[in-house]
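Following: one structure in structure tokens, then a few remarks.
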Amino acid sequence: MKLVIYISLTSLLFLGCASQEPDIHFEKPEIQIPKKAPEAKKNKGSLYSMQGTSLFADKKDLQIGDIIQIIIKEDLTAKSDNKRELTNNRNNNLGGGLFTPMGTNTLNGVAESITNESNRNLGVNFGTQSTNSDKGKVKTQFNETFDTTISAIIEETYQNGNYYIRGEKEMLIEGQKQKIIISGVIRPYDITSDNSINSSQIANLKLLYNKDGTESDILDTPWGLNFIRKIWPF
């Protein structure tokens, strides 16, 4: 029985220590169907319309399935310093006699002396004392810069002319896998003449950057240490 338990624990240990090789899947994306061109509306009277675009604006008229370049430049900075100190001191004293004290004139003080002596020997008297102290200090500092370029596809157009874009970039080079996924809403007026846009101009920006391989394994905390930290009560 002990041998079976030992083999099971050893197998679990090796399974936890074993790292899977990063892989990449080549799948054909879904076909993007462009939207139908709206019918041209004839404006009677003035040559200019308040509903039309500005004459000085460079608006890109793109369709679903068109590709634009996204220049990602994000700076992530976080700094926090928290300190806590709690101290609680408590003293309790409780005492009492079994007999009621007598007056000094009762039986010339004999009853009083007997009562006091009985309370001193048979009375209840105890005290408690407790001290609790809790101190903690947490200091974190994080600073990272992420710069890259990725292509995105227009997946949806809104009534106001804005575009919903989404792009993926996945690379596997010498066992190091990098995956980038970005999505958000952009305005056609923010697209430059070279068909690019900055990530700071994307609304509802969602950016995922994941690394898998030897480099990430070195930076990650071992699973055994994470398990001990979760169950460690102190």
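If you read the sequence shown in numbering that gives the first Met the number 0, its first letter stands for residue 0, the second for the next number, and so on. Ideal Cβ placement from N, Cα and C applies to all residues, glycine included. Keep in mind it's a predicted model, so treat the numbers as computed, not measured.
CA nearest to the CA of residue i, picked from the options
| i | options | result |
| --- | --- | --- |
| Thr-148 | Lys-178, Thr-127 and Gly-174 | Lys-178 |
| Phe-145 | Lys-136, Asp-65, Lys-72 and Lys-229 | Lys-72 |
| Ile-70 | Thr-191, Lys-138 and Gly-223 | Thr-191 |
| Ile-152 | Lys-78, Ile-196 and Leu-85 | Ile-196 |
| Ser-129 | Asp-211, Asn-90, Ser-199 and Asn-209 | Asn-90 |
| Tyr-157 | Ile-185, Asp-189, Thr-127 and Lys-229 | Ile-185 |
Residue i classed as buried or exposed, judged by whether at least 16 other C-beta atoms fall within 10 angstroms
| i | result |
| --- | --- |
| Asp-133 | exposed |
| Ile-201 | buried |
| Tyr-162 | buried |
| Ser-79 | exposed |
6 Å Cβ shell around residue i - same chain, five flanking residues per side excluded
| i | result |
| --- | --- |
| Asn-87 | Asn-131 |
| Asp-74 | Thr-144 |
| Lys-210 | Gln-177 |
| Glu-155 | Tyr-163 |
| Met-170 | Gln-177 |
Backbone CA spacing between residue i and residue j [nearest angstrom]
| i | j | result |
| --- | --- | --- |
| Lys-82 | Gln-140 | 15 Å |
| Gln-68 | Lys-168 | 12 Å |
| Ile-238 | Thr-76 | For the chain, the structure presents residues 0 to 233; residue 238 sits outside this window and is missing. |
| Asp-65 | Thr-213 | 36 Å |
| Gly-174 | Leu-85 | 50 Å |
| Gly-223 | Asn-194 | 48 Å |
| Asn-225 | Ser-198 | 35 Å |
| Gly-135 | Asn-142 | 24 Å |
| Lys-138 | Leu-61 | 48 Å |
| Thr-127 | Ile-227 | 36 Å |
Cβ neighbours of residue i in the same chain (closer than 7 Å, five flanking residues each side left out)
| i | result |
| --- | --- |
| Gly-183 | Ile-164, Ile-201, Ala-202, Asn-203, Leu-204 and Lys-205 |
| Ile-180 | Glu-167 and Leu-207 |
| Asp-189 | Ile-196 and Gln-200 |
| Ile-230 | none |
Coarse secondary structure for residue i, derived from DSSP in three states
| i | result |
| --- | --- |
| Tyr-188 | helix |
| Asn-225 | helix |
| Gln-200 | helix |
| Ile-63 | coil |
Proximity test, Cβ basis, 7 Å: residue i and chain B
| i | result |
| --- | --- |
| Asn-225 | The question asks about chain B, but that chain is absent: this structure has only one protein chain. |
Close-in-space but distant-in-sequence residues of the same chain around residue i (CB under 8 Å, 5 per side omitted)
| i | result |
| --- | --- |
| Ser-150 | Ile-66, Ile-67, Gln-68, Ile-69, Gly-166 and Lys-168 |
| Ile-172 | none |
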